[in-house]
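Peer 1:
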Amino acid sequence: MKNKHIFIICCMMLFSQGNGYSAEKVKYFRNIYNSWVLIEGRYQVDKNIAKKVNCYKFTYEDDKAISIEYLKKGKPTTDESDNIPLVKKYIFKYSEDFEERIYKDSKDNSIKDSYGVYSNKLQKNLINHTVTMYNYDKKGMLTENNHGVVKYIWILDDQNRRIRSTRYNKDDTQVTDKAGFYELRMKYDEKNNMTELSNYGKDGKLLTDKRGVAVIRWKCDESGNCIKETVYNSYDKICKSTENCVQITEYKYNEYGDTVSECYYDAEMKSIAEFETKVHRKYWKYDDAGNTIERSYYDMYGKLTGCKDYDIAIFRFKYDANGNKIEEKDYGEDGKLKECEDGGWAVYRAKYDSKGNEKEVRYYDAQDKLTETKISGIAIIKRKYDSKGNKIEERVYGVDGNLKECKDYNYAIVKYKYDNENNAISRVRFDRNGKVLDEQQKNK
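For the sequence shown, the residue numbers in the working numbering are 1286 to 1729.
1. Report the rounded CA-to-CA distance for residue 1631 versus residue 1595, giving the unit in angstroms.
2. Classify residue 1342 as buried or exposed, calling it buried when 16 or more other Cβ atoms lie within 10 Å of its own Cβ.
3. In terms of residue numbering, what span does the alpha helix (DSSP H) encompassing residue 1709 cover?
4. So is residue 1571 in contact with chain D if we call contact Cβ pairs under 8 Å?
5. Which same chain residues end up closer than 7 Å to residue 1768 when comparing Cβ atoms and leaving out the 5 residues on each side of it in sequence?
6. Could you pull out every residue in the same chain whose Cβ sits closer than 6 Å to the Cβ of residue 1355, ignoring the five residues on either side in sequence?
7. Within the continuous beta strand (DSSP E) that includes residue 1420, where are the two ends?
8. Since residue 1541 sits in a beta bridge, which residues does DSSP pair it with?
9. Tell me the DSSP secondary structure of residue 1635 in three-state form.
10. With residue 1669 and residue 1678 assumed to form a contact (beta carbons below 8 Å), what rounded beta-carbon distance in angstroms separates them?
11. For residue 1660, count neighbouring Cβ atoms within 10 angstroms of its own Cβ and tell me buried if that reaches 16, exposed if not.
12. From 1719, 1375, 1491, 1322, pick the residue whose C-alpha is nearest to that of residue 1389; which is it?
13. What separation, rounded to the nearest whole angstrom, lies between the Cα atoms of residue 1715 and residue 1722?
14. Got a sec? Which residues, its chain only, sit under 8 Å from residue 1671 by beta carbon, not counting five neighbours each side?
15. Kindly provide the ranges of any beta strand (DSSP E) runs that are 3 or more residues long and lie completely inside the region 1311-1391, ordered along the chain.
16. Give me, in chain order, the residues of the same chain whose beta-carbon lies closer than 8 Å to that of residue 1365; leave out the 5 immediate sequence neighbours on both sides.
17. Based on the DSSP output, what are the partners of residue 1441 in its beta bridges?
18. To the nearest angstrom, report how far apart residue 1634 and residue 1615 are at their CA atoms.
19. Does DSSP classify residue 1471 as helix, strand or coil?
20. Among 1626, 1542, 1503, whose alpha-carbon lies nearest the alpha-carbon of residue 1280?
21. Following the continuous beta strand (DSSP E) through residue 1466, name the residue where it begins and the one where it ends.
22. For residue 1503, report the span of its beta strand (DSSP E) as first-last.
23. Give me the Cβ distance between residue 1641 and residue 1458, rounded to the nearest whole Å; I'm assuming they're in contact under 8 Å.
24. Less than 8 Å separating the beta-carbons of residue 1447 and residue 1462?
25. In chain order, what residues of the same chain lie with their CB nearer than 8 Å to the CB of residue 1574, ignoring the 5 residues before and after it?
26. Helix, strand or coil: which one does DSSP assign to residue 1524?
27. Mind checking residue 1606: buried by the 16 CB within 10 Å criterion, or exposed?
28. Roughly how many whole angstroms lie between the Cα atoms of residue 1445 and residue 1477?
29. Have a look at residue 1396 and residue 1553 and give me their C-alpha separation to the nearest angstrom.
30. Alpha carbon to alpha carbon, how far is residue 1600 from residue 1561?
31. So is residue 1510 buried or exposed if we call it buried at 16+ other beta carbons inside 10 Å?
32. Do you know offhand how far residue 1711's Cα is from residue 1699's?
33. Tell whether a beta-carbon distance below 8 Å holds between residue 1468 and residue 1449.
34. State yes or no: is the C-beta of residue 1549 within less than 8 Å of the C-beta of residue 1559?
35. Go ahead and label residue 1586 buried or exposed: buried means 16 or more other beta carbons lie within 10 angstroms of its beta carbon, across all protein chains shown.
36. Ordered along the chain, which non-local residues of its own chain (more than five positions away) have a Cβ less than 6 Å from that of residue 1667?
Given below as structure tokens:
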């Protein structure tokens, strides 16, 4: 789900200008719309509400955003759940011809975004509209992203919306990227929502990507949210059902723009299974702050069904007063607690320190008794952090509460050291008796 939503967000580009942010230096929004060219806040809330919910804090200077930060109840979060953004903070820097975007975690450390780069530079044309984007690594050197692309070049229409997108490698040669895209062409509706994305090859003909898709068309609601996505082949016909492709997806949202359902269909609008989870419908429920409290899966008849790999039909979550996830319970099709097939646990509980760092995790079986997981063979994890929030020690235990080597790497204790820039420079692993198993030095 996450990868598909990232693709939709980055492709459905709402291009707007002149937002007039000079009146306020800070604004808060329940959701954002990220189009590469523009990161736009949606569903605005005031600063008092922002202290009670999950939201994005936009800070402006001279009418330009200088930072965007994701907050839970007014505080940075280390939460990495599937509905939480990977990048917790965007830093913006401006020069005469460029806008630079740097990606950070909640501790202000540089991190990779979902495309595997640490920063981007967006080059402007003579009338200050973005026409080129470059990818950079942690050292500020040009680099390929996860799709094998170093830079993107965009052609704009008379309304300064991108209508063509091409990609280039480190040799500055136009390429077909790893997703199967060579030249993308876009169309928009009267509200500037992207309604069509077509992929063309070197010969100027429609080209299918790795899923067999050449054209994607969208319908949007009044708020600009995608409510229907339909995919087409190189003959501009709705794609046939394959293991890698759902022909039609319909979405619904709550009043804050959070997805509450996804349903999958073939060309005749008959319910079909999504390829990643093998379920026909997904539903989400949220608390007042915007935290996911339930995710459930259903078959074509509207009955609960287990998802692929985990065979779990319902996931339920609880949070503490600061929005930290403290419990997950997994249920089968019968609505009873069930141990996921690969993990071997049905309940996960966590504790946090005063700074929101996860300091303890415990796993439980379907009878809600402490249990050892299938993969690692451990029941309890305890962690310690330094003053900057870096994990400096992790210890793992069995159900008896004694140190135990995990199955994966045979260690019971791991200790870390960091440099002044919070980069891990040392990792030492020990057995349960404190004997050193191995030591790894980094970036010294």
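Backbone N, C-alpha and C define an ideal beta-carbon position, used for all residues, glycine too.
Peer 2: Once the coordinates are examined:
1. Between residue 1631 and residue 1595, the C-alpha separation is close to 11 Å.
2. Residue 1342 should be labelled buried.
3. Premise fails: residue 1709 lies in the beta strand (DSSP E), 1709-1715, not in any alpha helix (DSSP H).
4. Absent from the structure: chain D. Only one protein chain is present.
5. Any question about residue 1768 goes unanswered here, given that the chain covers just 1286 to 1729.
6. Cβ neighbours of residue 1355 beyond the five flanking positions: 1341, 1370, 1373.
7. 1415-1421 is the extent of the beta strand (DSSP E) around residue 1420.
8. In DSSP, residue 1541 forms no bridge with anything.
9. Note: residue 1635 maps to strand in three-state DSSP.
10. In this structure residue 1669 is in contact with residue 1678, their Cβ atoms being roughly 4 Å apart against a cut-off of 8 Å.
11. Its Cβ having fewer than 16 others within 10 Å, residue 1660 is exposed.
12. Checking every option, the nearest Cα to that of residue 1389 belongs to 1375.
13. Between the alpha carbons of residue 1715 and residue 1722 lies a gap of roughly 5 Å.
14. Taken in chain order, the residues that qualify are 1677, 1703.
15. You should have 1311-1319, 1324-1330, 1339-1346, 1349-1357, 1374-1379, 1383-1389.
16. A distance below 8 Å between beta-carbons, with the five flanking residues on each side excluded, links residue 1365 to the following residues of its chain, in chain order: 1371.
17. Answer by DSSP bridge pairing, in chain order: 1447.
18. Distance from the CA atom of residue 1634 to the CA atom of residue 1615, rounded to whole angstroms, is 12 Å.
19. Here residue 1471 sits in strand by DSSP.
20. With the chain running from 1286 to 1729 in the structure shown, residue 1280 is simply not present.
21. Residue 1466 -> no beta strand (DSSP E), and no H or E assigned at all.
22. Judged by DSSP secondary structure, residue 1503 falls within the beta strand (DSSP E) whose first and last residues are 1500-1505.
23. Separation of the CB atoms of residue 1641 and residue 1458 is rounded to 45 Å, and the pair is thereby denied contact status at 8 Å.
24. Going by C-beta atoms, residue 1447 is not nearer than 8 Å to residue 1462.
25. Counting only Cβ-Cβ distances below 8 Å, and skipping sequence neighbours, we find 1337, 1338, 1339, 1357, 1358, 1604, 1608.
26. Coil at residue 1524, not helix or strand.
27. If you draw a 10 Å sphere on the C-beta of residue 1606, you find fewer than 16 other C-beta atoms in it, and that means exposed.
28. Separation of residue 1445 and residue 1477 (C-alpha to C-alpha, rounded to the nearest whole angstrom) is 10 Å.
29. One C-alpha to the other measures close to 43 Å.
30. So the alpha carbons of these two residues sit roughly 17 Å apart.
31. Buried, because 16 or more other Cβ atoms sit within 10 Å of the Cβ of residue 1510.
32. About 10 Å.
33. Against a cut-off of 8 Å, the Cβ pair of residue 1449 and residue 1468 comes out as a contact.
34. Less than 8 Å separates the beta-carbon of residue 1549 from that of residue 1559.
35. Exposed: under 16 other Cβ atoms inside 10 Å.
36. If the five residues before and after residue 1667 are omitted, its C-beta is found closer than 6 Å to the C-beta atoms of 1645, 1680, all from its own chain and listed in chain order.
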